[in-house]
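Worksheet for the structure shown next.
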Amino acid sequence: MKFWTCVPRHAKRIVLVLFLIGVLSACSQRHALLSAAGRILNVSTPLKEPVDCVMVLGGWANTRAFTAAEIMKAGLARNVLLARFHEIGATRDDIYPSEDDLIRQVLIQSGVSPDAFISLDRVVNSTQDEARCLADFLTLHPGVRVAVVTSDYHTRRARLLFSRACSPGTANLQYIGAPTDGFDASNWWQYETGVVNYLTEYLKLARDYVL
Amino acid sequence: MYALIPLLGMIFCHRYVLMGAGAFLVVETPTPRAHAVVVLEEGDGQFDVAARLHREGARTLLLYRRRPNRLERMGIVRTTDELARLELLRRDIPADDVAHLPEVAAGRLQIVALLGEWLRRNRDQSLCLLCDRFTSRTWKLLLDRAFEAGTRERVLLVIAQDGFDETNWWKSRDGILAFTEGCFVLGFHVVNPNGEPARTERTEDAFRAAAVAQN
Numbered sequence: 028m029k030f031w032t033c034v035p036r037h038a039k040r041i042v043l044v045l046f047l048i049g050v051l052s053a054c055s056q057r058h059a060l061l062s063a064a065g066r067i068l069n070v071s072t073p074l075k076e077p078v079d080c081v082m083v084l085g086g087w088a089n090t091r092a093f094t095a096a097e098i099m100k101a102g103l104a105r106n107v108l109l110a111r112f113h114e115i116g117a118t119r120d121d122i123y124p125s126e127d128d129l130i131r132q133v134l135i136q137s138g139v140s141p142d143a144f145i146s147l148d149r150v151v152n153s154t155q156d157e158a159r160c161l162a163d164f165l166t167l168h169p170g171v172r173v174a175v176v177t178s179d180y181h182t183r184r185a186r187l188l189f190s191r192a193c194s195p196g197t198a199n200l201q202y203i204g205a206p207t208d209g210f211d212a213s214n215w216w217q218y219e220t221g222v223v224n225y226l227t228e229y230l231k232l233a234r235d236y237v238l
Numbered sequence: 012m013y014a015l016i017p018l019l020g021m022i023f024c025h026r027y028v029l030m031g032a033g034a035f036l037v038v039e040t041p042t043p044r045a046h047a048v049v050v051l052e053e054g055d056g057q058f059d060v061a062a063r064l065h066r067e068g069a070r071t072l073l074l075y076r077r078r079p080n081r082l083e084r085m086g087i088v089r090t091t092d093e094l095a096r097l098e099l100l101r102r103d104i105p106a107d108d109v110a111h112l113p114e115v116a117a118g119r120l121q122i123v124a125l126l127g128e129w130l131r132r133n134r135d136q137s138l139c140l141l142c143d144r145f146t147s148r149t150w151k152l153l154l155d156r157a158f159e160a161g162t163r164e165r166v167l168l169v170i171a172q173d174g175f176d177e178t179n180w181w182k183s184r185d186g187i188l189a190f191t192e193g194c195f196v197l198g199f200h201v202v203n204p205n206g207e208p209a210r211t212e213r214t215e216d217a218f219r220a221a222a223v224a225q226n
């Protein structure tokens, strides 16, 4: 505060004008800024070369499993790694299929052989758990190349967590971003689900960088 | 030196600040009595409260329909209204007491519009809306915007979510996620009074392009 009182009046005015210019240009360029913020979260690249396995992360099976199915259909992977997902109430009562069952059914209906699935033992309830689950698998099967399929805006955080957990096998991991229905980096702020998912992802990313 | 005062205040009073932030997002009618109950969001708590209100006198349980998504069209999962119906039947609600809102709703604004239509057709009836704790303020905002004074009093908001409340939400992962989601959803609807544009579903080609590099 003392520093600010020592600043000459004309300098304060310049700072104020620069601040206002900054705010106005941010407002006028908000679409470009928001798009850029959306793109930062996406570090995925489509597969160019075959991998050994595909691992579909939990949630958004409505899009992630279909993206994994395309990899399998293109013959770019032989196996699908499936973790066991933590069950919710409706799953326990057989009203709703479990997440792993959901992914399995989508892939089988898309033409993937039931023999292609490898079930992983660990029960998972977060991306962190899934990273540890893959790390366990890679310890037993070193050198296996895996394509990790998740939503496009989730790939940066997935890469961070999987790189930490699966080191030194990180070079064998590739991240594939499944597009979400309705929104992407270019328009996420126009949709309620887009706002919730992208902003929550930023908070989680900050938490995972710090912790 | 003065800058330390708010910092120290946050350290010693963070519990009250967090409670206040949580309480800001919560709106509830203390003793709800209504003719019909609407299950707005999913979760075991919603159906338990719906069954309780039915036992206490609400005769109709209203569900809304959504456009079936890819998994529902493939028959891998049941539609959300079918799931809700099953959950209510499991709680001994007679099938005849479960009804659907007439049209398909694509978002909160459309649900509110359908509820308004229902209230116009049933002028002597009131509605009890079951919602999540931290989205209740958003529902209140949307209802206040959509309904006139006479209609507004016929809609009651009831929170049906277990596990945490505004006094302890920051102690659990689910609570933190629900609070942040509540903030973002409210912010979205404050900034976007007209809601969101229509959503388009991704095609098989879009999934292929994302998964496999094209030559």
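Taken in order, these protein sequences are the chains called W and B. Read left to right, the first sequence gives residues 28 to 238 (our numbering). Read left to right, the second sequence gives residues 12 to 226 (our numbering). Beta carbons: idealized from backbone N, C-alpha and C, even for Gly. On a predicted model such as this, the values are computed, not experimentally measured, just so you know.
- Excluding residues up to 5 positions away in sequence, Ile135 lie with their Cβ nearer than 7 Å to the Cβ of Pro141 of chain W in the same chain.
- Only Gln132, Val133 and Gln136 from the stretch 130-141 of chain W bring a Cβ to less than 7 Å from some Cβ of chain B.
- Contact with chain W is absent for Ile104 of chain B, since none of that chain's Cβ atoms lies less than 8 Å from the residue's Cβ.
- Straight through space, the alpha carbons of Phe210 of chain W and Asn89 of chain W are spaced by roughly 14 Å.
- Annotated three-state conformation of Asn106 of chain W is strand, per DSSP.
- Residue B:Leu125 holds the alpha-carbon nearest to the alpha-carbon of Leu138 of chain B among B:Leu125, B:Arg84 and B:Leu152.
- Of the candidates W:Leu188, W:Ala53, W:Ala110 and W:Asp208, W:Leu188 places its Cα closest to the Cα of Leu238 of chain W.
- Taken in chain order, the members of the stretch 86-97 of chain B whose beta-carbon sits within less than 8 Å of a beta-carbon on chain W are Ile87, Val88, Arg89, Leu94 and Leu97.
- Taking a beta-carbon distance threshold of 8 Å, Phe175 of chain B does not count as an interface residue toward chain W.
- Inside the stretch 160-227 of chain W, DSSP marks whole beta strand (DSSP E) runs of 3 or more residues at positions 173-178 and 200-205, from first to last along the chain.
- A distance below 8 Å separates the beta carbons of Arg77 of chain B and Val115 of chain B.
- Chain W places a beta carbon closer than 8 Å to that of Ala220 of chain B, counting this residue as a contact.
- The Cβ of Pro169 of chain W sits no closer than 8 Å to any Cβ of chain B.
- Using a CB distance below 8 Å, the part of the stretch 186-198 of chain B facing chain W consists of Leu188, Thr191, Glu192, Phe195, Val196 and Gly198, ordered along the chain.
- Distances from the alpha-carbon of Cys80 of chain W to those of W:Val139, W:Ile41, W:Ile122 and W:Ile67 put W:Val139 closest.
- Chain B places no beta carbon closer than 8 Å to that of Tyr202 of chain W, leaving this residue out of the contacts.
- Chain-order list of chain W residues neighbouring Thr146 of chain B: empty, with the shortest C-beta distance near 10 Å, by a criterion of under 8 Å.
- In this structure Tyr75 of chain B touches Asp92 of chain B by the C-beta definition: roughly 7 Å separates them, less than 8 Å.
- Phe112 of chain W and Ala198 of chain W have their C-alpha atoms spaced approximately 26 Å apart.
- Scanning chain B for C-beta atoms nearer than 8 Å to the C-beta of Pro73 of chain W yields Ala220, Ala221, Ala222, Val223, Ala224 and Gln225, reported in chain order.
- Under the DSSP assignment, Ser146 of chain W falls in the beta strand (DSSP E) whose first and last residues are Phe144 to Val151.
- In the DSSP assignment, Thr214 of chain B forms no beta bridge with any residue.
- Val169 of chain B and Ser125 of chain W have their C-alpha atoms roughly 29 Å apart.
- Using a Cβ-Cβ cut-off of 8 Å, Leu82 of chain B counts as an interface residue toward chain W, since at least one Cβ of chain W sits closer than that to its own.
- Leu84 of chain W is not a Cβ neighbour of Ala212 of chain W, given a cutoff of 8 Å.
- Contact of Asp208 of chain W with chain B is assigned, a C-beta pair being separated by under 8 Å.
- The closest CA to that of Tyr229 of chain W, considering only W:Arg66, W:Arg40, W:Ser52 and W:Leu165, is found on W:Arg66.
- In the three-state reduction of the DSSP assignment, Glu207 of chain B falls in the coil class.
- Remark: C-beta atoms of Ser183 of chain B and Phe190 of chain B do not approach each other more closely than 8 Å.
- Pairing Val166 of chain B with Leu140 of chain B gives a Cβ-Cβ distance under 8 Å.
- By the C-beta density criterion, Ala106 of chain B is exposed, having fewer than 16 other C-beta atoms within 10 angstroms.
- Contact annotation: the stretch 192-212 of chain B touches the stretch 143-162 of chain B, with at least three C-beta pairs closer than 8 Å.
- Going by DSSP, His37 of chain W is part of the alpha helix (DSSP H) stretching over Arg36 to Ser55.
- Rounded to whole angstroms, Leu51 of chain W and Glu53 of chain B show a C-alpha spacing of 41 Å.
- The C-beta of Lys151 of chain B has 16 or more other C-beta atoms within 10 Å across all chains shown, which makes the residue buried.
- Sequence-distant Cβ neighbours of Val70 of chain W in its own chain, meaning closer than 7 Å and more than five residues away, are Thr182, Arg183, Arg186 and Tyr202.
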